[in-house]
Amino acid sequence: MIHNHKTIEARPAPSSTIGPIAWLRTNLFSGPINTLFTLLALYLLYLLLVPAIQWALINADWIGTSREDCSREGACWVFVNARIGQFIYGLYPRDELWRVNVIFAVFAILVAWLAIPRLPLKRWVAAVTLIVFPIFVYFLLYGGYFGLRVVETHRWGGLMLTLVLAVVGMVAALPIGTLLALGRRSHMPIVKSFSVVFIEFWRGVPLITVLFMASVMLPLFMPTGVSVDRLVRALIGITLFQSAYMAEVVRGGLQAIPRGQEEAAAALGMGYWKRMGLIVLPQALKMMIPGIVNTFISLFKDTTLVMIIGLFDLLGIVQAALSDSRWLGFALEGYVFAGLMFWIFCFSMSRYSQYLERKLHTGHKR
Amino acid sequence: MSARSKLPAQGPKPPFWRDPAKRALAFQLVLVAAVAAFLLTIIGNTQDNLAARGITTGFGFLTNTSGFGIVQSLIDYSSQSTYGRTFVVGLLNTLLVSGLGVLAATIIGFTVGIARLSPNWLIARLANGYIEIFRNIPLLLQIFFWYFAVLRAMPSARESLSLGEVIFLNVRGLYLPQPMFESGFGLIPLALAIAIVASIALLIWNKRRHEATGQRLPAGWIALALIVGLPLGVLVVTGVPVTWDIPELGGFNFRGGITVIPEFLALWLALSIYTASFIAEIVRSGIQAISHGQTEAAQALSLPQGLVLRLVVVPQALRVIIPPLTSQYLNLIKNSSLATAIGYPDLVSVFAGTTLNQTGQAIEVIAMTMAVYLTISLLVSMFMNWFNARVALVER
Numbered sequence: 001m002i003h004n005h006k007t008i009e010a011r012p013a014p015s016s017t018i019g020p021i022a023w024l025r026t027n028l029f030s031g032p033i034n035t036l037f038t039l040l041a042l043y044l045l046y047l048l049l050v051p052a053i054q055w056a057l058i059n060a061d062w063i064g065t066s067r068e069d070c071s072r073e074g075a076c077w078v079f080v081n082a083r084i085g086q087f088i089y090g091l092y093p094r095d096e097l098w099r100v101n102v103i104f105a106v107f108a109i110l111v112a113w114l115a116i117p118r119l120p121l122k123r124w125v126a127a128v129t130l131i132v133f134p135i136f137v138y139f140l141l142y143g144g145y146f147g148l149r150v151v152e153t154h155r156w157g158g159l160m161l162t163l164v165l166a167v168v169g170m171v172a173a174l175p176i177g178t179l180l181a182l183g184r185r186s187h188m189p190i191v192k193s194f195s196v197v198f199i200e201f202w203r204g205v206p207l208i209t210v211l212f213m214a215s216v217m218l219p220l221f222m223p224t225g226v227s228v229d230r231l232v233r234a235l236i237g238i239t240l241f242q243s244a245y246m247a248e249v250v251r252g253g254l255q256a257i258p259r260g261q262e263e264a265a266a267a268l269g270m271g272y273w274k275r276m277g278l279i280v281l282p283q284a285l286k287m288m289i290p291g292i293v294n295t296f297i298s299l300f301k302d303t304t305l306v307m308i309i310g311l312f313d314l315l316g317i318v319q320a321a322l323s324d325s326r327w328l329g330f331a332l333e334g335y336v337f338a339g340l341m342f343w344i345f346c347f348s349m350s351r352y353s354q355y356l357e358r359k360l361h362t363g364h365k366r
Numbered sequence: 001m002s003a004r005s006k007l008p009a010q011g012p013k014p015p016f017w018r019d020p021a022k023r024a025l026a027f028q029l030v031l032v033a034a035v036a037a038f039l040l041t042i043i044g045n046t047q048d049n050l051a052a053r054g055i056t057t058g059f060g061f062l063t064n065t066s067g068f069g070i071v072q073s074l075i076d077y078s079s080q081s082t083y084g085r086t087f088v089v090g091l092l093n094t095l096l097v098s099g100l101g102v103l104a105a106t107i108i109g110f111t112v113g114i115a116r117l118s119p120n121w122l123i124a125r126l127a128n129g130y131i132e133i134f135r136n137i138p139l140l141l142q143i144f145f146w147y148f149a150v151l152r153a154m155p156s157a158r159e160s161l162s163l164g165e166v167i168f169l170n171v172r173g174l175y176l177p178q179p180m181f182e183s184g185f186g187l188i189p190l191a192l193a194i195a196i197v198a199s200i201a202l203l204i205w206n207k208r209r210h211e212a213t214g215q216r217l218p219a220g221w222i223a224l225a226l227i228v229g230l231p232l233g234v235l236v237v238t239g240v241p242v243t244w245d246i247p248e249l250g251g252f253n254f255r256g257g258i259t260v261i262p263e264f265l266a267l268w269l270a271l272s273i274y275t276a277s278f279i280a281e282i283v284r285s286g287i288q289a290i291s292h293g294q295t296e297a298a299q300a301l302s303l304p305q306g307l308v309l310r311l312v313v314v315p316q317a318l319r320v321i322i323p324p325l326t327s328q329y330l331n332l333i334k335n336s337s338l339a340t341a342i343g344y345p346d347l348v349s350v351f352a353g354t355t356l357n358q359t360g361q362a363i364e365v366i367a368m369t370m371a372v373y374l375t376i377s378l379l380v381s382m383f384m385n386w387f388n389a390r391v392a393l394v395e396r
């Protein structure tokens with residue numbers, strides 16, 4: 001009897017379990033209801049995307065100098081092109097734009113350094129970003145020193161102003177928020193109730209009333225004859241508002257640190273500020289970063305409200321450009337441009353915060 | 001037992017500035033003094049400034065005639081009404097747009113959030129696209145988009161877009177048919193009320209019977225039939241005492257029906273769509289937070305799929321969903337104040353805007369406006385604390 005010991009090759013898996021067809025079957029057409037949903041979704045996409053692409057890309061006009069260069073069949077990007085300088089720099093003097101560009105470049109380098117995990121010296125770079133950089137920005141943007149021309153704040157605007165408002169609001173709110181959060185967890189009754197009232201008050205009112213208050217009531221609070229710059233008034237309002245939200249983020253971070261850490265530090269004879277500054281806060285900070293990024297995103301979006309008290313941020317300057325009599329009727333183009341700018345910033349930040357959350361949450365995952 | 005007190009004092013007593021209790025007291029006294037000094041300076045400055053501008057403080061202005069009209073109001077209002085009435089009109093308009101916004105945002109948000117978890121790849125991607133697009137664009141920009149780029153670009157009244165010649169949309173707003181109730185219509189709400197009370201009683205009785213005997217009726221269906229059927233039955237029996245007032249084009253504008261102003265539409269759309277993107281994320285993460293083991297354990301008890309969801313997954317998911325959901329509702333109410341940017345007559349627009357500019361009573365007006373929002377937030381957070389205490393996990 002002859003035994004045939006040749007191994008039989010395994011047959012390939014049937015096409016109903018692997019490959020693109022199987023994928024389509026399990027994910028799109030797994031049953032009558034699912035197929036119906038898929039077809040409906042495809043139809044919806046067709047209804048939305050085809051006209052949008054035709055309007056924004058195929059029929060759009062890109063090159064030109066005035067509205068006569070636009071055919072009115074698609075988008076008129078000529079409008080955005082003609083105004084791009086204003087949208088980014090506001091009314092900043094044309095021959096001083098290098099100052100803004102230097103700040104943009106430095107800011108981009110600092111943020112990239114902080115965001116890329118492999119680069120060293122994170123702590124020092126963070127300190128520079130939070131302390132040295134704002135001072136540098138003030139001297140360079142406002143001028144008046146080192147032979148730089150003074151540029152009044154009413155000429156600031158566009159994307160630049162949006163970034164100034166968001167970054168200053170954030171940098172100022174961080175220490176105030178930290179103090180408020182520590183106060184809220186304190187055992188001293190007066191400190192605790194003061195912090196609670198402060199936080200809940202600012203969190204309970206809309207930002208727009210805070211800005212109204214800053215622009216209408218702040219001048220009343222000042223000694224007679226003292227006037228506060230409109231931008232500074234907006235910044236004070238934003239900082240107060242933001243520090244209350246920041247305090248809640250910091251509190252969340254502090255609560256995540258086990259009590260044993262603070263007790264161990266106390267057992268070593270450390271005082272309150274040493275316990276907080278050396279043991280608890282550094283550990284809590286790591287947990288807080290996603291929350292801080294998230295509040296920064298909402299602050300970044302909320303800065304658009306300053307246009308209601310007469311400042312020209314990115315949205316404000318787009319809105320102003322839309323009422324220019326030479327360019328009437330291009331509202332859609334203006335909003336799509338501003339929306340895209342905001343979207344790019346916010347989306348990349350939210351992706352970064354999700355990445356951080358994944359990185360920090362080791363374990364406990366389903 | 002008093003061995004401790006018999007121990008000799010160890011070394012000299014520390015100086016008083018090393019005593020934590022005394023230090024805390026001193027620190028708090030300094031804080032109180034600093035806050036008091038700050039407030040006194042501000043109050044003094046404000047009094048000087050107000051005296052210099054000739055503004056008298058107090059709430060007397062609320063009884064003065066406002067002298068301006070409001071384009072939408074839920075109660076009678078004319079330019080002869082007082083500032084106090086202006087405040088009420090603004091507050092009601094804020095509540096109207098917030099209430100309808102909460103309703104729409106909840107419906108859209110839950111739909112998109114559940115669609116995000118759909119096994120259908122395309123549906124899940126679409127839902128994700130919706131979330132990522134709308135929550136990363138500032139709300140004010142979205143309001144402007146709907147108002148200036150969509151609704152202000154609508155055709156004039158003569159070329160209105162229409163749906164079945166009953167609903168019309170043009171640059172002046174949306175025109176809906178209005179139900180006109182004739183006499184005898186009062187019976188229908190009465191029937192609805194009776195049906196609801198009866199349904200609740202039925203559900204309670206059914207639950208008790210189920211717990212006692214293990215038998216039960218399909219009470220949910222009976223209740224639904226009662227709530228829908230009873231008012232409908234009364235409607236038919238009384239001969240449908242409702243007529244519809246359909247808007248008609250007369251001259252340059254529509255007459256009759258309900259007019260929805262474009263400011264309201266833009267604000268409502270933007271608020272609902274923006275907030276819904278956040279609610280969708282909350283719903284998705286709430287459902288995903290329920291460990292899969294829970295579903296498997298429930299299936300192992302051979303519960304049918306409907307009961308697995310109703311008894312195991314949804315109650316636990318709601319515990320996770322409701323606190324952030326209420327804070328989104330709160331955000332929506334606060335965000336409705338952006339109305340002022342497009343001129344919808346909400347509280348901030350007509351009171352903190354027009355009234356403040358006309359009277360100059362900055363402090364009173366801003367304080368009243370802030371008090372309204374603070375009260376709403378306080379009420380909502382009280383509800384949230386009550387809810388959290390009710391559903392909190394009772395562990396060992």
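Chains as they are written, first to last, in UniProt numbering: chain A, 1 to 366; chain B, 1 to 396.
Using N, Cα and C, we set each Cβ at its ideal position, and we do this for glycine too.
Inset, instruction - Please state whether DSSP places Trp-23 of chain A in a helix, a strand or coil. - result: Here residue 23 of chain A refers to the residue found at position 23 of the first sequence. The answer is helix: DSSP assigns Trp-23 of chain A an H, G or I state.
Inset, instruction - Take Ile-21 of chain A and list the residues in its own chain whose beta-carbon comes closer than 7 Å to its own, dropping the five residues that flank it on each side. - result: In the first sequence, the residue the question calls residue 21 of chain A occupies position 21. So the list reads Ser-15, once near-sequence residues are dropped.
Inset, instruction - Report yes if the C-beta of Ile-107 of chain B is less than 7 Å from at least one heavy atom of the ligand FAD; otherwise report no. - result: The model depicted lacks the ligand FAD and carries no ligand whatsoever.
Legend entry - Contact under 8 Å by Cβ, Leu-141 of chain B with Gly-339 of chain A: For the purposes of this step, residue 141 of chain B is taken as the residue at position 141 of the second sequence. For the purposes of this step, residue 339 of chain A is taken as the residue at position 339 of the first sequence. In this structure, Gly-339 of chain A lies closer than 8 Å to Leu-141 of chain B by Cβ.
Inset, instruction - Specify, as a first and last residue, the run of the alpha helix (DSSP H) that Gln-54 of chain A falls within. - result: Counting from one through the first sequence, the residue named residue 54 of chain A turns up at place 54. Counting along the chain, Gln-54 of chain A falls outside any alpha helix (DSSP H), and DSSP gives it neither H nor E.
Inset, instruction - Report the residue ranges of all alpha helix (DSSP H) runs contained in full by the segment 83-130 of chain B; include only those spanning at least 4 residues, in chain order. - result: You should have 83-116.
Legend entry - Beta-carbon proximity of Val-112 of chain B to Ile-131 of chain B, cut-off 8 Å: Taking the second sequence and counting its residues from 1, one reaches residue 112 of chain B at position 112. Taking the second sequence and counting its residues from 1, one reaches residue 131 of chain B at position 131. Cβ distance < 8 Å, so Val-112 of chain B and Ile-131 of chain B count as in contact.
Legend entry - Trp-244 of chain B, enclosing alpha helix (DSSP H) - first and last residue: Position 244 of the second sequence, counted from the start, is the residue given in the question as residue 244 of chain B. Careful: Trp-244 of chain B lies outside any alpha helix (DSSP H), inside the beta strand (DSSP E) at 242-245.
Legend entry - Enclosing beta strand (DSSP E) for Gly-250 of chain B [first to last residue]: As a first step, residue 250 of chain B is located in the second sequence; it is residue number 250 there, counting from the start. Unbroken beta strand (DSSP E) run through Gly-250 of chain B: 248-250.
Inset, instruction - Name, going along the chain, the residues of the segment 327-354 of chain A whose beta-carbon falls closer than 7 Å to a beta-carbon of chain B. - result: Ala-331, Leu-332, Tyr-335, Ala-338, Gly-339, Phe-342, Trp-343, Cys-346, Phe-347 and Ser-350
Inset, instruction - Measure the Cβ-Cβ separation of Cys-346 of chain A and Asn-136 of chain B and say whether it is below 8 Å. - result: Mapped onto the first sequence, residue 346 of chain A falls at position 346. Mapped onto the second sequence, residue 136 of chain B falls at position 136. The answer is yes: Cβ separation under 8 Å.
Legend entry - residue 404 of chain B, enclosing beta strand (DSSP E) - first and last residue: Because chain B here runs from 1 to 396, residue 404 of chain B falls outside it and cannot be looked at.
Inset, instruction - Tell me whether Thr-295 of chain B sits in a helix, a strand or coil according to DSSP, three-state version. - result: Here residue 295 of chain B is taken as the residue at index 295 of the second sequence, counted from 1. DSSP places Thr-295 of chain B in helix when its eight states are reduced to three.
Legend entry - Burial state of Ile-108 of chain B, where buried means 16 or more other Cβ atoms lie within 10 Å: In the second sequence, the residue the question calls residue 108 of chain B occupies position 108. Buried, because 16 or more other Cβ atoms sit within 10 Å of the Cβ of Ile-108 of chain B.
Inset, instruction - Give the DSSP bridge partners of residue 401 of chain B, in chain order. - result: Residue 401 of chain B is absent from the model: chain B starts at 1 and stops at 396.
Legend entry - DSSP beta-bridge partners of Arg-358 of chain A: In the first sequence, the residue the question calls residue 358 of chain A occupies position 358. In the DSSP output, where bridge partners are listed per residue, Arg-358 of chain A has none listed.
Legend entry - Residue-level contact to chain B via CB, Gly-204 of chain A, 8 Å cutoff: Working through the first sequence from its first residue, we reach residue 204 of chain A at position 204. True, the Cβ-Cβ gap to chain B drops below 8 Å.
Inset, instruction - Reducing DSSP to helix, strand and coil, say where residue 400 of chain B ends up. - result: Outside the shown range of chain B, which is 1 to 396, sits residue 400 of chain B, and nothing can be said about it.
Legend entry - Closer than 8 Å to chain B by CB, Ala-10 of chain A: Here the question's residue 10 of chain A lines up with position 10 in the first sequence. Ala-10 of chain A does not count as touching chain B.
Legend entry - Ile-116 of chain A in three-state terms, based on DSSP: Position 116 of the first sequence holds residue 116 of chain A. Of the three classes helix, strand and coil, the one that applies to Ile-116 of chain A here is coil, per DSSP.
Inset, instruction - Name the two residues that bound the continuous alpha helix (DSSP H) containing Leu-140 of chain A. - result: Locating residue 140 of chain A in the first sequence gives position 140, counting from the first residue. Segment 133-142, the alpha helix (DSSP H) holding Leu-140 of chain A.
Legend entry - Any C-beta of chain B under 8 Å from that of Val-30 of chain A: Here the question's residue 30 of chain A lines up with position 30 in the first sequence. Per the sequence shown, residue 30 of chain A should be read as Ser rather than Val. Yes, Ser-30 of chain A counts as interfacial toward chain B.
Inset, instruction - Would you verify that the beta carbon of Ala-352 of chain B is, or is not, closer than 8 Å to some beta carbon of chain A? - result: As a first step, residue 352 of chain B must be located in the second sequence, where it is residue number 352. Chain A contact via Cβ: present.
Inset, instruction - Would you mind stating whether Tyr-329 of chain B and Val-102 of chain B have Cβ atoms separated by less than 8 Å? - result: Along the second sequence, one-based indexing puts residue 329 of chain B at 329. Along the second sequence, one-based indexing puts residue 102 of chain B at 102. In this structure, the beta-carbon distance from Tyr-329 of chain B to Val-102 of chain B falls below 8 Å.
Legend entry - chain A residues whose Cβ lies nearer than 7 Å to that of Trp-121 of chain B: Position 121 of the second sequence, counted from the first residue, corresponds to residue 121 of chain B. Those are Asn-27 and Leu-28, listed as they occur along chain A.
Inset, instruction - Less than 8 Å between the CB atoms is what I'm expecting for Lys-301 of chain A and Pro-138 of chain B, so what's the real figure, rounded? - result: Against the first sequence, residue 301 of chain A aligns to sequence position 301. Against the second sequence, residue 138 of chain B aligns to sequence position 138. Right, their Cβ atoms sit about 4 Å apart.
Legend entry - Phe-168 of chain B - DSSP class collapsed to helix/strand/coil: Position 168 of the second sequence, counted from the start, is the residue given in the question as residue 168 of chain B. DSSP places Phe-168 of chain B within a strand segment (E or B) once states are collapsed to three.
Legend entry - Cβ pair Leu-338 of chain B, Ile-143 of chain B closer than 8 Å: Your numbering for residue 338 of chain B matches position 338 in the second sequence. Your numbering for residue 143 of chain B matches position 143 in the second sequence. Yes.
Inset, instruction - Check the Cβ of Leu-250 of chain A against every Cβ in chain B and list those closer than 7 Å, keeping chain order. - result: For the purposes of this step, residue 250 of chain A is taken as residue 250 along the first sequence, with counting starting at 1. With the sequence shown as reference, residue 250 of chain A is identified as Val, and Leu is not the correct amino acid for it. Among the residues of chain B, none has a CB under 7 Å from the CB of Val-250 of chain A; the nearest is roughly 18 Å distant.
Legend entry - Contact set for Asn-263 of chain B: own chain, Cβ-Cβ below 6 Å, skip 5 residues either direction: The residue you call residue 263 of chain B lines up with position 263 of the second sequence. The sequence given here places Glu at residue 263 of chain B; Asn does not occur at that position. Result list for Glu-263 of chain B: Ile-342, Gly-343 and Tyr-344, in chain order.
Legend entry - Any chain A beta carbon closer than 8 Å to Ser-337 of chain B: Position 337 of the second sequence holds residue 337 of chain B. Yes - at least one Cβ of chain A is within 8 Å of the one on Ser-337 of chain B.
Legend entry - Cβ pair Val-106 of chain A, Phe-133 of chain A closer than 8 Å: Taking the first sequence and counting its residues from 1, the one referred to as residue 106 of chain A is at position 106. Taking the first sequence and counting its residues from 1, the one referred to as residue 133 of chain A is at position 133. Cβ distance < 8 Å, so Val-106 of chain A and Phe-133 of chain A count as in contact.
Inset, instruction - Report yes if the C-beta distance between Phe-252 of chain B and Ala-157 of chain B is below 8 Å; otherwise report no. - result: Residue 252 of chain B sits at position 252 when you count from the first residue of the second sequence. Residue 157 of chain B sits at position 157 when you count from the first residue of the second sequence. Their beta carbons are under 8 Å apart, which means Phe-252 of chain B touches Ala-157 of chain B by this criterion.
Inset, instruction - Since I believe Val-205 of chain A is in contact with Met-368 of chain B (beta carbons under 8 Å), could you give me their beta-carbon distance rounded to a whole number of angstroms? - result: Taking the first residue of the second sequence as 1, we reach residue 368 of chain B at position 368. Taking the first residue of the first sequence as 1, we reach residue 205 of chain A at position 205. Not a contact, Cβ separation roughly 12 Å.
Legend entry - Per DSSP, the bridge partner or partners of Thr-65 of chain B: Counting from one through the second sequence, the residue named residue 65 of chain B turns up at place 65. Looking at the DSSP assignment, Thr-65 of chain B forms a beta bridge with B:Thr-82.
Inset, instruction - Go ahead and label Arg-83 of chain A buried or exposed: buried means 16 or more other beta carbons lie within 10 angstroms of its beta carbon, across all protein chains shown. - result: By 1-based counting over the first sequence, the position of residue 83 of chain A is 83. Looking at its Cβ environment, which holds 16 or more other Cβ atoms inside 10 Å, Arg-83 of chain A is buried.
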